[in-house]
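Taken in order, these protein sequences are the chains called A and B. For what it's worth, our numbering labels the leading residue of the first sequence as 32, then goes sequentially. For what it's worth, our numbering labels the leading residue of the second sequence as 227, then goes sequentially.
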Amino acid sequence: MRINQGFSLVHVWGVLSRIPKTRNPWGYLGFAALLFLVIWVWTIQIDRSLGISAFASGWILFGILAFLSLFSARKRLPFLPLASSSRWFHLHAVGGFLALFLFWLHTGGMWSQGLYGQILTALFYITSISGVGGLVIEKIYPRQLTYSGIEIIYERIPGEIAEIREEVESLILKCTEETGSSTLAEHYLETLSWYFQRPRFFMNNIFGSHLSQHWVRQQCMILERFLDKNERKYLDGIYVLAEKKRKIDFHYALQTLLKTWLLVHIPLAAAVMAMVFWHLILIQVFFV
Amino acid sequence: MAITTQVRPQRWDQPFGLFMTDQDVERLLAIPEISAIEESKFPSHCPLRGILKNDARIVKYTAGDIVIREGDYGNSAFLVLDGSLKVVLFPGLPGEMLGRRAVRKKNLWQVLKQLWNQRKVPEVRDVKRYGLQALVRDADDLGAAHVFLQDIPAILDKNKTASLGRGALFGELAALGRTPRTSTIFAETDAELLEIRWQGLREFRKYDQGWRRLFDKRYRSNALNAHLRATSIFAHLDDEDLQEVADATHFENYGKYDWHLTYKKLRTEDKTHGMKDEPVIAHQGDYSDGILMVRAGFARISVDRGNGQQTLTYLGTGDFYGADELYRAWQGELNVSLRVTITALGYAEMLRVPSKIVEKHLFPYWSSGKKRERKNISESSIALRRLQDFIDQPLTDGALMEWAVEERFINGTQAMLINLDRCVRCDDCVRACAATHDGNPRFIRHGKTFENWMVANACMHCADPVCMIGCPTGAIHRTMSGGIVVINDDTCIGCETCANSCPYSNIRMVSIRDEVGSFITDPQNQKPILKATKCDLCADQISGPACVFACPHDAMRRVDFKEAGLDENKSGF
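What follows is the structure in structure tokens.
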């Protein structure tokens, strides 16, 4: 396919892939705004020459949405020489913001008329919000994970927690055998076992709260006054393991969100594409 | 409480040859090359007989067996006791004949074919492909399998060869210098060879004048001139002057050749402990007596700081140090001493070019209006940065390098470095690697971390590839172009030698499956057939390493620490 003035899709891709990459979300936004301005001016000129600018903005929007959905396919084909994934990500982010601006231009407002249009708009907004949300957490969370002081592979988290739980329980058994006191064991059964059972404080970790840290410290402090010197030695050991578990919980929460936001974004994007496609057919059949 | 006791481990607890007897030693002592050695020169803790019994072994080869392959790394030399060998000189045997894999980039069609050739189960192999294993002779008494050549007359017809007969010694330069073998040698007739591991060679060189002279003479005639010529500071010399420099150069060895065996233990020790144990090559504050050049291995450059040593950088093969100090002293500056301490990292083989020779051949050249050139050249020895910059930098600026040196990541030429501040832990890199490698990733996105940097468990394609030492079939090798360390799956016999040798645990053994997904087993014992796998840097992919290509956040790079620009703001990484 050739566009006038001798440009081909290969040339367009060549130009796109030379655009300097930015890692700043404001950079993506700014670049998208710049492109939008060009398109907006063009649509004004179409209107002035008594054309229908909605067709132009609609087709461009469709093209951009199609390009955005290709990113997911590109990720599944890492061996194809289709430019680096980071280049795609950059263009995907810019294209996402541009699609949002073009959507407003195309619909002539923030919301649409008619049930079909409203469903499409709602899906489009949720997809956009999930995309922007994903972009933000991908910018913020990696550093937070680094600063936690540990590094753990997501799939190994259940195993790690089970290992910690075993260590804690063996410490408690040892304490009971050595000191003859069941205080620590009882407290474990009443309270701490809940904590060591599986990842906890998910939402608190997502929002950066220190509740889990406070909870762990509090549980150990509550118990301390009921223990003698020998038992406290074991409590110290449990506290160290509880702190390790807290960091793992933190990784679990953040990594879960980093991995699962795409489970919202991609299916919704697919639904948007399907509805856009049907919208396109209807427009072609009834209005052109 | 019961105390566990153990006899203190001794040097020769693990002899090189399990079946060496006193009769074998007596026999060896009678052959001219060994009988010429003065037994009395050897200390009581390291007698000649002990070396022969424990650091050497007698190996038998059948006609056609390959003894050493061009490009292989090895840690032993050979003395021909009986039989005749052939050295393949020109044009050399094709890689396939040596058990190597020809790495070719896939064309577009082959790349596209990967779309529908993906298997549901990992590590599927076409067993018919393993025809080359027919060229592997079963393990002998020593546990070593031999690759043999077929149709020797045709090989002799097509290649220029030289003969080695009884009494010939070969392989010592590559063994002592940790450099690749330069030729392929195979048994022309049934042959018996004495294989001496590097520890024994080192003692021979140390205690026997004759062997030392032999080694030094061979090194001077075979490799030293080329090494000096390749060094920028002597590039201007003509052949005669270069020969004079070569004749005056001293050889020095520091540290242990098999540093990788103790590396993992070292990691668990106190951080400063390892450095204290490093052999000192030159000490800060001493007067320089020559230019120090690294022939093989690595050396740490450090300065006294507080109560410890601060690592500034390191020297690798071809790097040198000491020219600046000597030059300043030659120009009349008083009390010029070494500004740094140089220690061997693991092991280092050094060349010391005496100051008199340097003053005769180098400094007049530098002072004859070539000052600018001198500056560039002398600084090139430490990665184009002025030494003073390293000394002046705050501790935090050099911390990453300090860590990389401490962990020996400097050995890597393609270390997988992940910027954790950018990595969203999406594992796209892992999936991309699996998609391009039989459905199984060739690395683990996990490893040692420092600040926001992680060196993942991926093959680093080391400058000193200890994994290649001891591979019985030469399956693990460097590609002729690019120097990437790859494994030929067809000739890998799953012995795990490479995986056990890798100090960084970056080689993994996998059980292979047939076309229907069942594990392929050995009919004799029903155990699964293992193959060694590791990162091959996607040598056959046209888009380069899939892991880097697949990272949406530019969080991953393959780096040589010396060249890596790791400043996020300056380099964009």
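We put the CB at the ideal spot given by N, CA and C, even for glycine.
>> Restricting to Cα atoms, I'd like to know which of Arg-444(B), Ala-394(B), Arg-431(B), Leu-399(B) is closest to Leu-420(B).
In response: Ala-394(B)
>> Output needed in chain order: residues of the stretch 220-254 of chain A with a Cβ under 9 angstroms from some Cβ in chain B.
In response: none
>> Going by the DSSP bridge assignment, what does Lys-267(B) pair with across the sheet?
In response: Beta-bridge pairing links Lys-267(B) to no other residue.
> Straight-line CA distance for Lys-331(B) to Phe-775(B)?
Replying inline: 16 angstroms
> Name the chain B residues whose beta carbon is nearer than 8 angstroms to that of Tyr-283(A)?
Replying inline: Per Cβ cutoff of 8 angstroms: no residues; Tyr-283(A) is ~11 angstroms from chain B at best.
> At what residues does the beta strand (DSSP E) containing Gln-340(B) begin and finish?
Replying inline: First-last for Gln-340(B): undefined, no H or E at that position.
> Distance, Cα to Cα, Val-347(B) vs Arg-187(A)?
Replying inline: 21 angstroms
> Between the C-alpha atoms of Gly-532(B) and Val-285(B), what's the straight-line distance to the nearest angstrom?
Replying inline: 54 angstroms
>> Once the 5 residues before and after Leu-315(B) are set aside, which same chain residues still bring their CB inside 8 angstroms of it?
In response: Asn-385, Lys-386, Thr-387, Ala-388, Ser-409
>> Buried or exposed, going by whether 16 or more other CB atoms sit within 10 Å of the CB of Thr-152(A)?
In response: buried
>> By the 9 angstroms beta-carbon criterion, what residues does the stretch 669-682 of chain B contribute toward chain A?
In response: Ile-670, Arg-671, His-672, Gly-673, Thr-675, Glu-677, Asn-678, Met-680
> Thinking just about the alpha-carbon of each residue, which of Tyr-480(B), Asn-479(B), Asn-561(B) is nearest to the one in Tyr-513(B)?
Replying inline: Asn-561(B)
> Phe-787(B) lies in the beta strand (DSSP E); which residues open and close that run?
Replying inline: It is not in any beta strand (DSSP E) - Phe-787(B) carries neither H nor E in the DSSP assignment.
> Taking the alpha carbon of Gln-249(A) as the point to measure from, which residue in Thr-177(A), Leu-288(A), Tyr-270(A) has its own alpha carbon closest?
Replying inline: Tyr-270(A)
>> For a test of the three-state rule: what should DSSP assign to Tyr-299(B), helix, strand or coil?
In response: coil
>> Here's the rule: buried if 16 or more other CB atoms are within 10 angstroms of the residue's CB, otherwise exposed. What is Ala-256(B)?
In response: exposed
> If you draw a straight line from the alpha carbon of Leu-399(B) to that of Ile-297(A), how long is it in whole angstroms?
Replying inline: 60 angstroms
>> Closer than 8 angstroms is the cut-off here; do at least three beta carbon pairs connect the stretch 547-556 of chain B with the stretch 564-571 of chain B?
In response: yes
>> Is there a C-beta anywhere in chain A that falls below 8 angstroms from the one on Glu-605(B)?
In response: At Glu-605(B) the pLDDT is 47, less than 50, meaning the model places this residue with poor confidence; the figure from the coordinates comes in the next sentence. False, the Cβ-Cβ gap to chain A never drops below 8 angstroms.
>> At a CB distance below 8 angstroms, what residues from the stretch 284-296 of chain A approach chain B? Give them in sequence order.
In response: Gln-286, Leu-289, Lys-290
> Within the 8 angstroms Cβ cut-off, does Thr-662(B) reach chain A?
Replying inline: yes
> By the 10 Å Cβ neighbour count, where 16 or more other Cβ atoms means buried, how is Arg-651(B) classified, buried or exposed?
Replying inline: buried
>> Tell me the rounded alpha-carbon separation between Pro-230(A) and Val-736(B).
In response: 32 angstroms
> So Leu-620(B) packs on Tyr-299(B), CB below 8 angstroms; how close in whole Å?
Replying inline: Per the sequence shown, residue 620(B) should be read as Pro rather than Leu. With 8 angstroms as the limit, Pro-620(B) and Tyr-299(B) do not qualify as a contact, their Cβ atoms being about 39 angstroms apart.
>> Among Leu-215(A), Ser-100(A), Gly-239(A), His-282(A), whose alpha-carbon lies nearest the alpha-carbon of Arg-256(A)?
In response: Leu-215(A)
> Name the chain A residues that come within less than 9 angstroms of Val-337(B), Cβ to Cβ?
Replying inline: Phe-110, Leu-111, Pro-112
> What residues of chain A sit near Val-742(B), judged by a beta carbon separation below 8 angstroms?
Replying inline: The contacting residues do not exist; Val-742(B) stays about 24 angstroms from chain A at best.
> So is Cys-697(B) in contact with chain A if we call contact Cβ pairs under 8 angstroms?
Replying inline: no
>> Excluding the 5 residues flanking Phe-134(A) on each side, which residues of the same chain have their C-beta closer than 7 angstroms to its C-beta?
In response: Leu-92, Phe-155
> Counting only beta-carbon atoms, is Arg-784(B) nearer than 8 angstroms to chain A?
Replying inline: no
> Assuming Ala-284(A) contacts Phe-227(A) under a Cβ cut-off of 8 angstroms, what Cβ separation, rounded to an integer in Å, is found between them?
Replying inline: About 16 angstroms; that fails the 8 angstroms criterion.
> Can you find a CB in chain A that lies within less than 8 angstroms of the CB of Leu-646(B)?
Replying inline: yes
>> Run through the DSSP bridge pairs and tell me what Asp-530(B) is partnered with.
In response: Gln-535(B)
> CB-CB under 7 angstroms to Pro-505(B), same chain, minus the five flanking residues each way: which ones, in chain order?
Replying inline: Tyr-480, Gly-481, Thr-569, Ala-570
> For His-779(B), which residues of its own chain have a beta-carbon under 8 angstroms away from its beta-carbon, when the five flanking residues on both sides are left out?
Replying inline: Arg-648, Cys-649, Val-650
>> Using 8 angstroms as the threshold, is the C-beta distance between Gly-129(A) and Ala-63(A) below it?
In response: The sequence shown places Leu at residue 129(A), not Gly. Yes, they are a contact pair.
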